[in-house]
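Trainee: Please read through the structure below; I'll follow up with questions.
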Amino acid sequence: MTRILLLGGTTEASALARRLADEGRGAVFSYAGRTDAPVSQPLPTRIGGFGGVAGLARYIVDHAITHVVDATHPFAAQMSRNAVDACAQTGTPLIALERPAWQAQAGDNWTHVGDIAGAVDALPDQPAQVFLAIGKQNLDAFATKPQHRYLLRLVDPGPVPLPQAHIVIARGPFDVTGDKALMQSHAITHIVAKNAGGTGAQAKLTAARDLHLPVILIDRPALPARRVAGSVAEVMVWLDHQATERGV
Ligand code: NAP
75 MTRILLLGGT TEASALARRL ADEGRGAVFS YAGRTDAPVS QPLPTRIGGF GGVAGLARYI
135 VDHAITHVVD ATHPFAAQMS RNAVDACAQT GTPLIALERP AWQAQAGDNW THVGDIAGAV
195 DALPDQPAQV FLAIGKQNLD AFATKPQHRY LLRLVDPGPV PLPQAHIVIA RGPFDVTGDK
255 ALMQSHAITH IVAKNAGGTG AQAKLTAARD LHLPVILIDR PALPARRVAG SVAEVMVWLD
315 HQATERGV
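Residues in the sequence shown are numbered consecutively from 75, following our numbering.
Written as structure tokens, this is what we have:
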């Protein structure tokens with residue numbers, strides 16, 4: 075019998091969970107547990123790390139997982155690497171639901187940087203108003219540029235390691251009108267974002283284009299080779315194909 079482990083934490087993972095539930099597929103949804111009140115899912119849900127590659131491999135065996143779908147955020151690189159290794163160790167078919175990276179359009183003023191440190195370096199030395207739209211992880215790297223006022227948009231309230239921070243508590247998806255108003259009301263001069271792709275967090279880039287604001291865009295971390303699907307529908311086709319091949 076098919077039993078899918080769906081590694082979540084993205085809008086696309088939630089869409090896949092809905093589809094799996096609607097089709098009555100055996101599946102369990104997994105959250106890292108980063109937010110206080112994660113979006114509830116229409117599938118049995120577990121929360122928390124597995125304990126590295128060994129822990130994930132053990133979970134796969136103990137729970138008779140037949141397929142793993144990695145629908146984590148493109149910057150959740152550790153989880154994705156662990157999934158590749160644990161699936162290889164246990165011989166479990168793996169597919170990643172990966173959204174294409176955002177591409178610049180006419181009117182965009184993007185500076186591409188390789189990582190968080192590159193984003194810090196790319197900020198000016200003169201005081202600026204920065205929309206630091208990278209979530210709550212990696213904020214401490216920006217403490218080396220304390221001269222800037224940072225606008226942060228976070229899912230949960232909590233302390234941040236930046237002296238001049240204004241925190242907005244909100245959960246995506248976001249829209250262009252709202253993001254433009256947010257940037258204008260804080261007189262934003264620079265945006266720092268991860269090249270996450272997808273639709274839920276794209277509004278800030280459109281808003282930046284409309285407002286002629288520069289964006290410092292952090293490239294995705296490199297991941298090992300793995301099978302990739304670009305949509306929920308492609309994952310479903312893969313699952314059906316796997317079932318036919320295995321005779322389950
Ligand atoms: P990460 O750095 O790749 O993962 C660190 C550890 O967190 C993993 O080794 C694993 O712990 C645990 N983990 C991560 N995702 C998990 C999941 N879906 N289920 C169970 N354990 C998980 O991940 P991250 O960047 O902290 O992201 C954590 C979660 O937030 C992911 O679900 C991701 O989709 C979501 N998210 C991340 C970002 C981002 O910018 N990074 C943005 C939006 C949403 P063990 O080693 O103990 O198994």
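Using N, Cα and C, we set each Cβ at its ideal position, and we do this for glycine too.
Keep in mind that this is a model prediction, so the values were computed, not measured.
Where do the ends of the alpha helix (DSSP H) carrying L197 lie?
Mentor: In the sequence shown, counting from the first residue as 1, residue 197 sits at position 123. Careful: L197 lies outside any alpha helix (DSSP H) and carries neither H nor E.
Trainee: Can you grab the Cα-Cα spacing for the pair L94 / V142, in whole Å?
Mentor: In the sequence shown, counting from the first residue as 1, residue 94 sits at position 20. In the sequence shown, counting from the first residue as 1, residue 142 sits at position 68. Whole-angstrom Cα-Cα distance: 13 Å.
Trainee: Look at the alpha carbon of T164 and the alpha carbon of V127, and state the distance between them as a whole number of angstroms.
Mentor: Position 90 of the sequence shown holds residue 164. Position 53 of the sequence shown holds residue 127. Computed Cα separation, rounded: 11 Å.
Trainee: Give a single yes or no on whether Q152 has its beta carbon closer than 8 Å to a heavy atom of the ligand NAP.
Mentor: In the sequence shown, counting from the first residue as 1, residue 152 sits at position 78. Checking every heavy atom of the ligand NAP against the Cβ of Q152, one is found closer than 8 Å.
Trainee: Per the DSSP calculation, L206 is bridged to which residue(s)?
Mentor: Mapped onto the sequence shown, residue 206 falls at position 132. Answer is L226, V266.
Trainee: Can you pull the DSSP bridge partners for R132?
Mentor: The residue given as residue 132 occupies position 58 in the sequence shown. Beta-bridge pairing links R132 to no other residue.
Trainee: Determine the direct distance from the alpha carbon of F124 to that of L130, and round the result to whole angstroms.
Mentor: Working through the sequence shown from its first residue, we reach residue 130 at position 56. Working through the sequence shown from its first residue, we reach residue 124 at position 50. Whole-angstrom Cα-Cα distance: 5 Å.
Trainee: Which of the three DSSP states, helix, strand or coil, is assigned to I139?
Mentor: Looking up residue 139 in the sequence shown gives position 65. Coil, per DSSP.
Trainee: Going straight from the alpha carbon of A299 to that of A162, what length do you get?
Mentor: Taking the sequence shown and counting its residues from 1, one reaches residue 299 at position 225. Taking the sequence shown and counting its residues from 1, one reaches residue 162 at position 88. So the alpha carbons of these two residues sit roughly 12 Å apart.
Trainee: Alpha carbon to alpha carbon, how far is A196 from Q276? Give it in angstroms, no decimals.
Mentor: Counting from 1 along the sequence shown, the entry for residue 276 is found at position 202. Counting from 1 along the sequence shown, the entry for residue 196 is found at position 122. Their Cα atoms are separated by approximately 21 Å.
Trainee: I'd like to check one pair, D253 with N269: are the Cβ atoms closer than 9 Å?
Mentor: As a position in the sequence shown, residue 269 is number 195, starting the count at 1. As a position in the sequence shown, residue 253 is number 179, starting the count at 1. Not in contact: N269 and D253 (Cβ atoms no closer than 9 Å).
Trainee: Compute the Euclidean distance between the alpha carbons of L81 and V234, then round it to the nearest angstrom.
Mentor: The count along the sequence shown starts at 1 and reaches residue 81 at position 7. The count along the sequence shown starts at 1 and reaches residue 234 at position 160. Taking the straight line joining both Cα atoms gives about 27 Å.
Trainee: So what does DSSP say about L117, is it helix, strand or coil?
Mentor: Within the sequence shown, the letter at position 43 stands for residue 117. If DSSP states are grouped into helix, strand and coil, L117 belongs with coil.
Trainee: Taking buried to mean at least 16 other C-beta atoms within 10 Å of its own C-beta, is V322 buried or exposed?
Mentor: In the sequence shown, the residue the question calls residue 322 occupies position 248. Low local confidence applies: a pLDDT of 46 at V322 is under 50, so the model's placement there is unreliable, with the coordinate-based value given in what follows. V322 should be labelled exposed.
Trainee: Buried or exposed for M75, going by 16 or more other Cβ atoms inside 10 Å?
Mentor: Here residue 75 refers to the residue found at position 1 when the sequence shown is read from its first residue. By the 10 Å Cβ count, M75 comes out exposed.
Trainee: Where does D144 fall in DSSP's three states?
Mentor: Your numbering for residue 144 matches position 70 in the sequence shown. Strand at D144.
Trainee: When the Cα atoms are used, what is the spatial distance from A107 to S114?
Mentor: Within the sequence shown, the letter at position 33 stands for residue 107. Within the sequence shown, the letter at position 40 stands for residue 114. A quick correction: the sequence has Gly, not Ala, at residue 107. Near 12 Å, if we compare the C-alpha coordinates of S114 and G107.
Trainee: Just grab the DSSP bridge partners of H286 for me.
Mentor: On the sequence shown, residue 286 is found 212 positions in, with the first residue counted as 1. Bridge partners of H286: none, in fact.
Trainee: Just verifying my parser: in three-state terms, what is the DSSP assignment at S305?
Mentor: Translated into positions along the sequence shown, residue 305 becomes position 231. Note: S305 maps to coil in three-state DSSP.
Trainee: Comparing the CB of R108 with every heavy atom of the ligand NAP, is any distance shorter than 8 Å?
Mentor: Position 34 of the sequence shown holds residue 108. Checking every heavy atom of the ligand NAP against the Cβ of R108, one is found closer than 8 Å.
Trainee: Determine the DSSP secondary structure at V187, reduced to helix, strand or coil.
Mentor: Within the sequence shown, numbered from 1, the residue matching residue 187 stands at position 113. V187 falls in the strand class under three-state DSSP.
Trainee: What residues in its chain sit with their C-beta under 7 Å from that of S104, if we drop five residues either side in the sequence?
Mentor: Counting from one through the sequence shown, the residue named residue 104 turns up at place 30. Once the five neighbours on either side are set aside, the close Cβ partners of S104 are L79, L80, L81, G82, R120.
Trainee: Please work out which residues of its chain come closer than 7 Å, Cβ to Cβ, to R92, disregarding the five sequence neighbours upstream and downstream, and give them in chain order.
Mentor: Mapped onto the sequence shown, residue 92 falls at position 18. Contacts found: P116.
Trainee: Are the CB atoms of R155 and G272 within a distance shorter than 9 Å?
Mentor: Residue numbering aside, residue 272 sits at position 198 when the sequence shown is read from its first letter. Residue numbering aside, residue 155 sits at position 81 when the sequence shown is read from its first letter. Their beta carbons are not under 9 Å apart, which means G272 does not touch R155 by this criterion.
Trainee: Taking the alpha-carbon positions, what's the S305 to S88 distance?
Mentor: Start at 1 with the first residue of the sequence shown, and residue 305 comes out as number 231. Start at 1 with the first residue of the sequence shown, and residue 88 comes out as number 14. When rounded, the distance between both Cα atoms is 12 Å.
Trainee: Thinking just about the alpha-carbon of each residue, which of P295, G98, F216, N212 is nearest to the one in P201?
Mentor: Stepping through the sequence shown from its first residue, residue 201 is reached at position 127. Taking only the C-alpha atoms, the option nearest P201 is F216.
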